[in-house]
Amino acid sequence: MLYPAGLLPARSWRGITAGLADHFGDNAALDDATVAHIAAYLEANAADAKARNRKMLRDLSGAVTPARITELPWWTRKHERKDRVTPATLARKGAKFRGDCKACHEDAERGLFDEE
Numbered sequence: 016m017l018y019p020a021g022l023l024p025a026r027s028w029r030g031i032t033a034g035l036a037d038h039f040g041d042n043a044a045l046d047d048a049t050v051a052h053i054a055a056y057l058e059a060n061a062a063d064a065k066a067r068n069r070k071m072l073r074d075l076s077g078a079v080t081p082a083r084i085t086e087l088p089w090w091t092r093k094h095e096r097k098d099r100v101t102p103a104t105l106a107r108k109g110a111k112f113r114g115d116c117k118a119c120h121e122d123a124e125r126g127l128f129d130e131e
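Residue 56 in my numbering sits at position 41 of the sequence shown; the count goes up by one each step and never skips.
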């Protein structure tokens, strides 16, 4: 699944696009022009670039560069404190991992994450 740019700050996207040869265990390397194009989009639409997405960064230290949305305090507030990502819940929903948004959010691939 591709995650919407607004779920991470620009510094995270810079780190992710700089390390595509080892992208969470996979080689996702692309040519430099493609990486530059994708990186520009991600940074322009990052959580810290758009006012409507800044809530994602609440309580996140500027010294922290999360590589996963599940590392954001916002994600923890919305999911872990409500027991939405217990092993039993993930198994029941068919989620393969904690960041498998589409298992619980039908419109996740369109960037819509309404309460389900």
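Glycine included, every Cβ here is placed at the ideal spot set by N, Cα and C.
If you're wondering where the values come from, they're calculated on a predicted model, not measured in any experiment.
Pick from Ser76, Ala61, Thr91, Leu127: whose alpha carbon is nearest that of Arg113? Thr91
Using only the alpha-carbon positions, how far apart do Gly30 and Ala62 sit? 15 Å
When the Cα atoms are used, what is the spatial distance from Glu131 to Cys119? Only weak support is given to the placement of Glu131: the predicted model assigns it a pLDDT of 49, under 50, and the question is left unresolved by the model.
For the stretch 64-89, list the alpha helix (DSSP H) runs that are entirely contained and at least 4 residues long, ordered along the chain. none
Tell me the rounded alpha-carbon separation between Asn42 and Met71. 28 Å
Specify whether the stretch 53-69 and the stretch 17-36 touch according to this definition: at least 3 beta carbon pairs, one from each stretch, less than 8 Å apart. yes
In angstroms with no decimal places, state the Cα-to-Cα distance between Glu124 and Lys111. 16 Å
His38 in three-state terms, based on DSSP: strand
Among the residues of its own chain, which have a CB less than 8 Å from the CB of Arg73, if the five just before and after it don't count? Pro88, Trp89
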